[in-house]
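Participant:
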Amino acid sequence: MIEPETRRFLLLPRVEACSSIVDAVEAVTGKPTAASNPALAWDAFRKAGHNSPLPRAGRLWAA
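Count along the sequence shown from 1, then add 4; that gives the number in my numbering.
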C-alpha cells in the first residue's frame, strides 16, 4: 500500500534490475522514482556535460 503523502521512491537493488522497472513504478504510482546507482551515474554524466535524455529510465534521466 502506498501512502498518499509519499512524495517519491528510491530503489536500491542492482542497476540492471532497476532500470527496467523505474518507468513502470512511476506509471503505477504517479511518483518520481530513482534507483541509487543509476542516480549516481546520472549525476556523473551531467557533470561530464552529457545532457541527452535516456528513454525508459524514469523522470530523472528524461530531464
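By construction, the Cβ of each residue, glycine as well, lies at the ideal position given by its N, Cα and C atoms.
List the residues that DSSP assigns as beta-bridge partners of A45.
Facilitator: Numbered from 1 along the sequence shown, position 41 holds the residue referred to as residue 45. In the DSSP output, where bridge partners are listed per residue, A45 has none listed.
Participant: If the criterion is Cβ atoms closer than 8 Å, does the pair L64 and A38 meet it?
Facilitator: The residue given as residue 64 occupies position 60 in the sequence shown. The residue given as residue 38 occupies position 34 in the sequence shown. Against a cut-off of 8 Å, the Cβ pair of A38 and L64 comes out as a contact.
Participant: Give a yes or no on whether the C-beta atoms belonging to L45 and P57 are separated by under 8 Å.
Facilitator: Start at 1 with the first residue of the sequence shown, and residue 45 comes out as number 41. Start at 1 with the first residue of the sequence shown, and residue 57 comes out as number 53. According to the sequence provided, residue 45 is Ala. The question's Leu does not apply to it. Cβ distance not < 8 Å, so A45 and P57 don't count as in contact.
Participant: Quick check on A52: does DSSP put it in helix, strand or coil?
Facilitator: As a first step, residue 52 is located in the sequence shown; it is residue number 48 there, counting from the start. Coil.
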